[in-house]
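Everything below concerns the one structure shown next.
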Amino acid sequence: MRLERGLSQESLALESGVARNQLIQMEHGRRGVLIERVYDIAEALGVSVSEIVVDDPAASAQR
């Protein structure tokens, strides 16, 4: 989703207020995230929270 919007990890970190190293760990499934940060990330990406947290088997298969 981040890449589809042309955002680097650094730019998403700046936009969302979430540290870049936390984003990296979240993207790789190595770290959970507080719901408050999910809202911040969704806002920075311009998407709804449900687009980030809903488990979509088709999307998971593409990863």
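Every letter in the sequence shown is one number past the one before it in the UniProt record's numbering, and letter 30, counting from 1, is 30. Glycine included, every Cβ here is placed at the ideal spot set by N, Cα and C. In this text, all values refer to a predicted model and were calculated from it rather than measured experimentally.
Which residue marks the beginning of the alpha helix (DSSP H) containing L7, and which one marks its end? Where L7 is concerned, there is no enclosing alpha helix (DSSP H), given that its DSSP letter is neither H nor E.
Exercise. Can you name, in chain order, every residue of its own chain whose Cβ lies under 8 Å from the Cβ of R5, other than the five neighbours on each side?
Worked result: L45 and G46
### Query
DSSP three-state call for L34: helix, strand or coil?
coil
Worksheet item: Roughly how many angstroms lie between the CA atoms of V53 and A42, to the nearest whole one?
Response: 10 Å
As assigned by DSSP and simplified to three states, the class of M1: coil
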